[in-house]
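Numbering (the working numbering), first residue to last: 2 to 348.
Here is the structure we will look at.
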């Protein structure tokens with residue numbers, strides 16, 4: 002059996018997204034013991050969520066490697082770029098990371114164990130409104146489809162409850178590092194909070210430059226890119242009090258504790274990173290679907306729906322709906338004393 006993994010191993014997202022392929026590696030170790038089957042993992046680098054690179058990898062997966070299923074992509078833009086190839090070749094693809102709402106309509110062979118941004122964008126905007134904020138500024142990396150859709154959802158919700166969108170700024174790539182012009186425009190608009198849709202490096206740089214320009218404003222990131230050590234390493238105490246939205250914590254079950262112990266033993270660090278449990282569950286479900294099927298691509302897809310009904314996910318509820326989506330709780334977190342912690346109102 003072969004599993005293709007669309008990973009990000011280089012540059013901005015390498016640390017933030019490493020749980021994606023490491024979760025698959027840990028799942029396969031457990032599956033080999035459980036099934037006595039030979040399972041090969043083929044990990045390929047999307048090179049910082051490059052869509053063209055992803056298409057090339059997908060063509061290799063289906064034509065040369067002939068994988069049984071794929072875990073990935075990471076960024077929603079790469080998952081959407083890969084989806085037509087997965088559907089055309091009837092190859093199941095399960096993303097542990099991608100969250101753009103449009104993935105729900107990406108095709109019958111596309112699934113995800115991560116939550117859709119539809120909920121997350123509303124949670125972020127509602128959080129700001131409940132804090133008494135009424136003037137929103139938005140800054141988005143438009144090279145990432147999920148960020149664009151998150152921004153759209155947050156703006157619609159905030160305006161719908163009576164808030165005002167006073168500034169909308171964008172950056173074209175995730176490699177931009179100078180935000181002084183954007184910060185000047187935001188200052189002129191006089192918002193009382195700022196919604197950031199950026200990767201980890203850019204979040205850190207933006208917060209640092211905002212402080213240097215004496216722009217003190219509440220930052221809200223409606224996704225988990227804020228929970229990356231790079232953010233604190235770059236920004237220091239300028240990100241203290243930043244609020245961000247995560248999928249809810251995995252249930253504190255014996256299986257989850259066992260996974261954390263295995264992770265620390267294998268990778269010599271704590272398992273406190275995004276997507277590890279989602280990727281573990283994605284690999285587990287994919288392999289179980291292959292083993293339950295008659296071997297045809299169509300039946301692997303059908304069996305994935307079936308096995309999800311009884312599989313107890315480490316990351317939470319995993320039963321797929323008709324769009325290949327799952328429903329999970331969200332969690333509001335903050336950065337406090339250089340640590341990522343659960344947010345408690347009025348603290």
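Where a beta carbon is used, it is the ideal one built from N, C-alpha and C, also for glycine.
According to DSSP, what are the bridge partners of residue 46?
Locating residue 46 in the chain shown gives position 45, counting from the first residue. Paired residue(s): 8.
Alpha carbon to alpha carbon, how far is residue 206 from residue 72? Give it in angstroms, no decimals.
Along the chain shown, read from residue 1 onward, the residue named residue 72 stands at position 71. Along the chain shown, read from residue 1 onward, the residue named residue 206 stands at position 205. Those two C-alpha atoms are separated by around 31 Å.
Sequence-distant residues of its chain with Cβ nearer than 6 Å to residue 193 (five each side left out):
For the purposes of this step, residue 193 is taken as the residue at position 192 of the chain shown. 134, 136, listed in sequence order.
Report the residue from 165, 14, 90 whose alpha carbon sits nearest the alpha carbon of residue 203.
The residue given as residue 203 occupies position 202 in the chain shown. Nearest option by C-alpha distance: 14.
Can you give me the start and stop residues for the alpha helix (DSSP H) that residue 307 sits inside?
Within the chain shown, the letter at position 306 stands for residue 307. Per DSSP, residue 307 belongs to the alpha helix (DSSP H) from 298-311.
Anyone know if the C-beta pair for residue 5 and residue 43 falls short of 8 Å?
As a working mapping, residue 5 is identified with position 4 in the chain shown. As a working mapping, residue 43 is identified with position 42 in the chain shown. A contact, by the Cβ cut-off of 8 Å.
In the DSSP assignment, what residue or residues form a beta bridge with residue 139?
Residue 139 sits at position 138 when you count from the first residue of the chain shown. Paired residue(s): 169, 196.
Output yes if chain C places a C-beta closer than 8 Å to the C-beta of residue 276; else output no.
The question asks about chain C, but that chain is absent: this structure has only one protein chain.
Can you look up residue 68 in the DSSP assignment and give me helix, strand or coil?
Along the chain shown, read from residue 1 onward, the residue named residue 68 stands at position 67. In the three-state reduction of the DSSP assignment, residue 68 falls in the coil class.
Which of the three DSSP states, helix, strand or coil, is assigned to residue 248?
For the purposes of this step, residue 248 is taken as residue 247 along the chain shown, with counting starting at 1. Correct three-state label for residue 248: strand.
Using DSSP with H/G/I as helix, E/B as strand and the rest coil, what is residue 212?
Looking up residue 212 in the chain shown gives position 211. Here DSSP, grouped into helix, strand and coil, assigns residue 212 to helix.
In three-state terms, what does DSSP make of residue 121?
Mapped onto the chain shown, residue 121 falls at position 120. Shown here, residue 121 sits in a helix according to DSSP, grouped into three states.
Take residue 91 and list the residues in its own chain whose beta-carbon comes closer than 8 Å to its own, dropping the five residues that flank it on each side.
Taking the chain shown and counting its residues from 1, one reaches residue 91 at position 90. Take residue 91, set aside five residues on each side of it, and the residues of its chain with a beta-carbon closer than 8 Å to its own are 110, 298, 299, 302, in chain order.
Relative to the alpha-carbon of residue 102, which residue among 87, 121, 86, 89 has its alpha-carbon at the smallest distance?
Within the chain shown, the letter at position 101 stands for residue 102. Comparing alpha carbon positions, the residue from 87, 121, 86, 89 closest to residue 102 is 121.
Please indicate yes or no: does the CB of residue 34 lie closer than 7 Å to some heavy atom of the ligand SAH?
Only the bare structure without any ligand can be found here, which leaves the ligand SAH out of the picture.
8 Å Cβ cutoff met for residue 86 and residue 63:
As a working mapping, residue 86 is identified with position 85 in the chain shown. As a working mapping, residue 63 is identified with position 62 in the chain shown. Using a Cβ distance threshold of 8 Å, residue 86 and residue 63 count as a contacting pair.
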